[in-house]
């Protein structure tokens, strides 16, 4: 999630405390941002203690999530996870083969850099979408948000496609995830790894936070009917990381 204003720097946190800046301060509620959720799920699965900031503050890159640790600021979910691996030795990918790491990398990029824009399309065109409303409850604010992201999507390319084409691309991604999952508990085997954090961040947007526009096309009921393994997989990760969250 990005913004265009110059970020205001928050005060430094307590020593030896990992502080995560996102869009919510409730540790029992999955974040509305797939990237913040990706980072939080990684930290929870890796059992790395952290504190959610009670104030929303954007990084030096104008984005969330970001982290601070002993005065050091780390921006972008990918680099945050890299920092956690090196600083705390918390590598969920430990034990994966070179081939598994390559597949994980490709699927993470598919979700983070491509599927994100498909998600945005379906969210933006529902004026009452719960995620968009929480980001800005005012109608003028939501219109401005939509106009800004319309421009981003057009530049990226997804915004130039028809509704039917975008739906097909979305479903193709779900089919690829379903095929990779197979009969395994998680994408790379019987234990969750980094790619599961990215994927859950986006599946949660469908399953945990329903939207009228999403539901008409490929919402929770669609996933449950057409991709039951992905639904069960998502619930598995939710129970590991957000057991107190009620859908």
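Numbering (the UniProt record's numbering), first residue to last: 1 to 247. Even for Gly, the Cβ is constructed at its ideal location relative to N, Cα and C.
On the criterion of 16 or more Cβ atoms from any shown chain inside 10 Å, does residue 194 qualify as buried, or is it exposed? For the purposes of this step, residue 194 is taken as residue 194 along the chain shown, with counting starting at 1. Per the 10 Å Cβ criterion, buried.
Bridge partner(s) assigned by DSSP for residue 68: The count along the chain shown starts at 1 and reaches residue 68 at position 68. In DSSP, residue 68 forms a bridge with 19, 73.
Determine the closest residue to residue 87 out of 209, 76, 18, 31, with distance taken between C-alpha atoms. Within the chain shown, the letter at position 87 stands for residue 87. The shortest Cα separation from residue 87 among 209, 76, 18, 31 belongs to 18.
Where are the alpha helix (DSSP H) runs, 4 residues long or more, that stay fully inside the UniProt domain "Metaxin glutathione S-transferase" (173 to 237), in chain order? 194 to 207, 212 to 218, 220 to 226
Member of 210, 72, 158, 221 whose CA lies at the smallest distance from the CA of residue 13: For the purposes of this step, residue 13 is taken as residue 13 along the chain shown, with counting starting at 1. Residue 13 has its Cα closest to that of 72, out of 210, 72, 158, 221.
Thinking just about the alpha-carbon of each residue, which of 35, 92, 145 is nearest to the one in residue 190? Taking the first residue of the chain shown as 1, we reach residue 190 at position 190. Of the listed residues, the one whose Cα sits closest to residue 190 is 92.
Through-space distance from residue 237 to residue 230, alpha-carbon basis: In the chain shown, counting from the first residue as 1, residue 230 sits at position 230. In the chain shown, counting from the first residue as 1, residue 237 sits at position 237. Straight-line Cα distance between these residues: approximately 11 angstroms.
Counterpart residues of residue 120 in DSSP-defined beta bridges: Locating residue 120 in the chain shown gives position 120, counting from the first residue. Paired residue(s): none; residue 120 is not in a bridge.
CA-CA distance, residue 185 and residue 140? In the chain shown, residue 185 corresponds to position 185, counting from 1. In the chain shown, residue 140 corresponds to position 140, counting from 1. So the alpha carbons of these two residues sit roughly 44 angstroms apart.
Buried or exposed, going by whether 16 or more other CB atoms sit within 10 Å of the CB of residue 113? On the chain shown, residue 113 is found 113 positions in, with the first residue counted as 1. Residue 113 comes out exposed.
Can you tell which of 145, 220, 67, 192 has the C-alpha that lies nearest to the C-alpha of residue 21? Here residue 21 refers to the residue found at position 21 of the chain shown. Ranking the options by Cα distance to residue 21, first place goes to 67.
My understanding is that residue 220 touches residue 128, with C-beta atoms under 8 angstroms, so please give their C-beta distance in whole angstroms. As a first step, residue 220 is located in the chain shown; it is residue number 220 there, counting from the start. As a first step, residue 128 is located in the chain shown; it is residue number 128 there, counting from the start. The Cβ separation is near 16 angstroms, so there is no contact.
Rounded Cβ spacing between residue 53 and residue 75 (contact assumed at less than 8 angstroms): Within the chain shown, residue 53 is the residue found at index 53, counting from 1. Within the chain shown, residue 75 is the residue found at index 75, counting from 1. The pair is not a contact, with the Cβ atoms about 14 angstroms apart (cut-off 8 angstroms).
Looking at the unbroken alpha helix (DSSP H) that takes in residue 106, where does it start and where does it end? Indexing the chain shown from 1 puts residue 106 at position 106. Residue 106 -> alpha helix (DSSP H) spans 98 to 109.
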